[in-house]
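Novice: Numbering (numbering that gives the first Met the number 0), first residue to last: 0 to 323.
The C-beta atom is built at its ideal place from N, Cα and C for all residues, glycine as well.
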Amino acid sequence: MPNIKIFSGSSHQDLSQKITDRLGLELGKVVTKKFSNQETCVEIGESVRGEDVYIVQSGCGEINDNLMELLIMINACKIASASRVTAVIPCFPYARQDKKDKVGADSNSRAPISAKLVANMLSVAGADHIITMDLHASQIQGFFDIPVDNLYAEPAVLKWIRENIADWKTCCIVSPDAGGAKRVTSIADRLNVDFALIHKERKKANEVDRMVLVGDVKDRVAILVDDMADTCGTICHAADKLLSAGATKVYAILTHGIFSGPAISRINHACFEAVVVTNTIPQEDKMKHCPKIQVIDISMILAEAIRRTHNGESVSYLFSHVPL
């Protein structure tokens, strides 16, 4: 593939390597380091003049450092005369800060809409195009004035369910909150199985209060599906709820496994058969401490999106198919 350069930020080297291997390319030379005062310094080690540049950086780990590094890398390529710069951001940072909360006891009319700020920062840095995966809210695409391809892990999730859960034809797909109902009904329709949802009442961020199950999971395998799990309070509560409602086994399948704070210990003590995540965020360290975590590799979806974008082909095939 001539005239294409792929660079990796420091957030997820492994995924970047898998993407370039898949495309038969080498990663571009770049050195990212910190000055002693912790300022980020980026040196692009090869010419990008007139090239179609892709920079892979996920919103994980040291989120703010990685975001700043991405902005500096985009800008460095742009002012070195790259013809187009695409930011490949498997897990979009600040995606949960996408709106002001509803009016009511919890409402905060002074809440920032930080996802919109991040969108503006990426554009100002010089990004021409964004490729991301399972945005927390699809409206975030509308925060940008540049094209955004929001890819879905769904085809890879469907494949995993069919290949790894023996009783999938009688399973029930469950959303741990009302917000994920669309995602779950889409998967349930594709598998031709039932769905259920859990309504949760939150009093504070990262803390769940009361849960109500809507739907029937008795004597069935229940598969919780969500776009992300952070401290895992919600999914662990949900798993307990499903077992007490008569589910025979409980799985969780999540696109972005953030797993911060008490997450790993919660999963270890919860009743999951498996907690399945994609590798939009590196999971090697987490897997060492938690044998229940399994990973679906989505590098080929991102690689194929890059290939199609570079060649000016449609990306929408990937919304319903896993590239072979």
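Going by DSSP, what residue range makes up the alpha helix (DSSP H) through residue 18?
Specialist: Within the sequence shown, the letter at position 19 stands for residue 18. First-last of the alpha helix (DSSP H) with residue 18: 12-22.
Novice: Just the Cα atoms here: how many angstroms apart are residue 132 and residue 152?
Specialist: As a first step, residue 132 must be located in the sequence shown, where it is residue number 133. As a first step, residue 152 must be located in the sequence shown, where it is residue number 153. Roughly 7 Å separates the two Cα atoms.
Novice: Could you give the DSSP three-state label for residue 234: helix, strand or coil?
Specialist: Looking up residue 234 in the sequence shown gives position 235. Three-state result, residue 234: helix.
Novice: Helix, strand or coil, according to DSSP, for residue 314 in the structure here?
Specialist: By one-based count along the sequence shown, residue 314 stands at place 315. Here residue 314 sits in coil by DSSP.
Novice: Where does residue 69 fall in DSSP's three states?
Specialist: The residue given as residue 69 occupies position 70 in the sequence shown. Looking at residue 69 - three-state DSSP - the assignment turns out to be helix.
Novice: Can you say whether residue 256 is buried or exposed, counting buried as having 16 or more other CB atoms within 10 angstroms of its CB?
Specialist: Here residue 256 is taken as the residue at index 257 of the sequence shown, counted from 1. The residue in question, residue 256, is buried, as its Cβ has 16 or more Cβ neighbours within 10 Å.
Novice: So which of 126, 154, 149 and 119 has the shortest CA-CA distance to residue 142?
Specialist: On the sequence shown, position 143 is the one that residue 142 refers to. Ranking 126, 154, 149 and 119 by Cα distance to residue 142 puts 119 first.
Novice: Taking the C-alpha atoms as reference points, what is the distance between residue 171 and residue 109?
Specialist: Position 172 of the sequence shown, counted from the start, is the residue given in the question as residue 171. Position 110 of the sequence shown, counted from the start, is the residue given in the question as residue 109. Roughly 39 Å between the two C-alpha positions.
Novice: Apart from the five residues on each side of it in sequence, which residues of its chain come closer than 7 Å, Cβ to Cβ, to residue 137?
Specialist: Residue 137 sits at position 138 when you count from the first residue of the sequence shown. Counting only Cβ-Cβ distances below 7 Å, and skipping sequence neighbours, we find 149.
Novice: Can you give me the C-alpha to C-alpha distance between residue 13 and residue 29, rounded to a whole angstrom?
Specialist: Residue 13 sits at position 14 when you count from the first residue of the sequence shown. Residue 29 sits at position 30 when you count from the first residue of the sequence shown. If you take the alpha carbons of residue 13 and residue 29, they lie about 15 Å apart.
Novice: For residue 135, does the count of other Cβ atoms within 10 angstroms reach 16, so buried, or fall short, so exposed?
Specialist: If you number the sequence shown from 1, residue 135 lands on position 136. Residue 135 comes out buried.
Novice: Ignore the nearest five residues each way along the sequence and tell me which others in residue 303's own chain have a CB closer than 7 Å to its CB.
Specialist: On the sequence shown, residue 303 is found 304 positions in, with the first residue counted as 1. The residues are 317 and 322.
Novice: Taking only runs of the alpha helix (DSSP H) that begin and end inside the segment 175-210, which ones reach a length of at least 4 residues, in chain order?
Specialist: 180-190
Novice: Just verifying my parser: in three-state terms, what is the DSSP assignment at residue 160?
Specialist: Here residue 160 refers to the residue found at position 161 when the sequence shown is read from its first residue. In the structure shown, residue 160 sits in a helix (DSSP, three-state: H, G or I).
Novice: What three-state label does DSSP hand residue 305 in the structure shown?
Specialist: Stepping through the sequence shown from its first residue, residue 305 is reached at position 306. Helix, per DSSP.
Novice: What does a CB cutoff of less than 7 Å around residue 98 pick up in its chain, not counting 5 residues either side in sequence?
Specialist: As a first step, residue 98 must be located in the sequence shown, where it is residue number 99. Only 112 meet the Cβ criterion.
Novice: With a floor of 4 residues, list each alpha helix (DSSP H) that falls wholly inside the segment 83-160, ordered by position along the chain.
Specialist: DSSP runs (the alpha helix (DSSP H)) wholly in the segment 83-160: 113-124.
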